[in-house]
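Residue numbers (this note's numbering): 24 to 504.
In structure tokens:
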């Protein structure tokens, strides 16, 4: 995302009124089949700033309590860590004390009291409080949140993407018919790009993989090169093709090489409104029976080389669009959102409500929040200060845990073939961003302080997450709205 200051900034413009819609937690109730394995996202932090890392910290606290004889339980394999609910505090909360109370023969609150000192001493944890019957509410230190924001600003819209391996891997080539994308190159890989105005739109790379380049991490080189290939196959129906398109983007963001096919034949030319011109022309028309092709020859790999190919044939759940005409009248952005925001088993609601620029429209809130992050960056430049990652009080906004959770959401949405998880996550990020924005700029004669710079950095980090997420959904992130 382009955050540079324009050469001739315009005078400061008062920010329009911002609404603060309530956060709506994303629904994650689904039981999909176990998908093919994907590379684990690299977490560059030394402190437990993500739910996954914090879950391990909680389990280590349980293990220390058991080793010291304070608890007599079997250490569980995982601990649930989520954003605090009503009545909670801090950055994250866990119900591990309630989970262990019965096998430990203690009350949940007593278990929480035993775990509290072990958890409070963990690196990156600034405080732990017990609420309710025994929930442990965890606050992270400013160093952890500062490192998170700095990392997001460094990665930009690619934050949450898995770095491509630099050695020991063979990447299969992709034909010109290898992906459904609004704008495709000869490789069919989708990457978010930034226009000269700072708006992020879906575009394509020429490398054949939707992952950012990164220095070698020092990981062990596998004894034999491996090509991870995922084959997606969709029915000849607009929603299935749009879902397949976004699933392919998500999988590429997590390091997989993806091929897409459509049964019956190529999409109808009229579907370009939703898929894009290149997307309509870029689907490989194949019947299900033709998926058993000789993949070594099809991918152009040396058939005598020792290469493992992981093929995963996936058919997105088919709940057809009830009427195609209203879908095509919505335009590309609103039509794609209408098809992607509902879960795969839910029937999409194709109405003009997706075009309304009001608080009740989730798509509008997401795009508006991104546009406002760009606006406050411009206003800050006009006032003579720039972003600098720093400590932002948790009571100002619940945004930081949502940003930290973004890599996990991308990985889960790709693994479960569920673009709706990403769409709902973006709505939560947008709602939290809109809570933060009124506190970013100084008021009246107030001078810019370190707190303003830190809030601006957090807002720009949220803008990067929104831009990257919208790009993966194939939806434009506007500079002005």
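We put the beta carbon where it would ideally sit given N, CA and C, even for glycine. Owing to the predicted nature of the structure, the values given are computational and were not obtained by experimental measurement.
Rank the options by C-alpha distance to the C-alpha of residue i and give the top, closest one.
| i | options | result |
| --- | --- | --- |
| residue 156 | 150, 173 and 122 | 122 |
| residue 293 | 349, 276 and 258 | 349 |
| residue 368 | 387, 440, 422 and 411 | 440 |
| residue 365 | 174, 442 and 258 | 442 |
| residue 284 | 179, 264 and 291 | 264 |
| residue 269 | 433, 503 and 454 | 433 |
| residue 410 | 260, 173, 261 and 504 | 173 |
| residue 74 | 454, 470, 181 and 425 | 425 |
| residue 355 | 183, 498 and 470 | 498 |
Have a look at residue i and residue j and give me their C-alpha separation to the nearest angstrom.
| i | j | result |
| --- | --- | --- |
| residue 282 | residue 271 | 8 Å |
| residue 108 | residue 116 | 8 Å |
| residue 462 | residue 415 | 11 Å |
| residue 110 | residue 253 | 44 Å |
| residue 200 | residue 286 | Low confidence applies to residue 200: its pLDDT is 34, below 50, so where it sits in the model is not reliable, and the reading given next is rough at best. Near 14 Å, if we compare the C-alpha coordinates of residue 286 and residue 200. |
| residue 92 | residue 413 | 40 Å |
| residue 297 | residue 145 | 49 Å |
| residue 481 | residue 423 | 8 Å |
| residue 436 | residue 430 | 10 Å |
| residue 467 | residue 407 | 15 Å |
| residue 459 | residue 472 | 16 Å |
| residue 502 | residue 380 | 15 Å |
| residue 141 | residue 389 | 39 Å |
| residue 427 | residue 118 | 20 Å |
| residue 258 | residue 277 | 24 Å |
| residue 290 | residue 398 | 39 Å |
| residue 469 | residue 483 | 21 Å |
| residue 542 | residue 485 | Here the chain covers residues 24 to 504 and nothing more, so residue 542 does not appear. |
| residue 181 | residue 504 | 23 Å |
| residue 179 | residue 132 | 42 Å |
| residue 438 | residue 279 | 11 Å |
| residue 89 | residue 98 | 8 Å |
| residue 125 | residue 139 | 18 Å |
| residue 169 | residue 114 | 14 Å |
Helix, strand or coil: how does DSSP classify residue i here?
| i | result |
| --- | --- |
| residue 489 | helix |
| residue 254 | strand |
| residue 499 | coil |
| residue 411 | coil |
| residue 352 | helix |
| residue 371 | coil |
| residue 106 | coil |
| residue 431 | helix |
| residue 116 | strand |
| residue 511 | Residue 511 cannot be examined here, being either before or after the span of the chain that is shown, 24 to 504. |
| residue 266 | helix |
| residue 152 | strand |
| residue 185 | coil |
| residue 463 | coil |
| residue 440 | coil |
| residue 97 | coil |
| residue 3 | Any answer about residue 3 is impossible in this case: the structure gives the chain only from 24 up to 504. |
| residue 283 | strand |
| residue 130 | coil |
| residue 144 | coil |
| residue 366 | coil |
| residue 481 | helix |
| residue 386 | helix |
| residue 454 | helix |
| residue 90 | helix |
| residue 468 | coil |
| residue 448 | helix |
| residue 136 | helix |
| residue 122 | helix |
Does the beta-carbon distance from residue i to residue j come in below 8 Å?
| i | j | result |
| --- | --- | --- |
| residue 446 | residue 363 | yes |
| residue 154 | residue 112 | yes |
| residue 96 | residue 143 | no |
| residue 77 | residue 120 | no |
| residue 456 | residue 396 | yes |
| residue 185 | residue 163 | no |
| residue 371 | residue 357 | no |
| residue 487 | residue 176 | yes |
| residue 453 | residue 394 | no |
| residue 106 | residue 421 | yes |
| residue 359 | residue 496 | yes |
| residue 94 | residue 137 | yes |
| residue 261 | residue 353 | no |
### Sufficient close CB pairs (3 or more, under 8 Å) joining the region 74–88 to the region 97–106
yes
### Task
Please confirm if the region 396–403 is in contact with the region 447–466, defined as three or more CB-CB distances below 8 Å between the two stretches.
A contact exists between the region 396–403 and the region 447–466.
### Message
Contact between the region 384–393 and the region 442–457 is defined here as three or more beta-carbon pairs at a separation below 8 Å; is this criterion met?
### Response
In short, these stretches touch, since the Cβ pair count reaches three.
### Three or more C-beta pairs below 8 Å linking the region 468–476 and the region 484–492
No, the region 468–476 is not in contact with the region 484–492.
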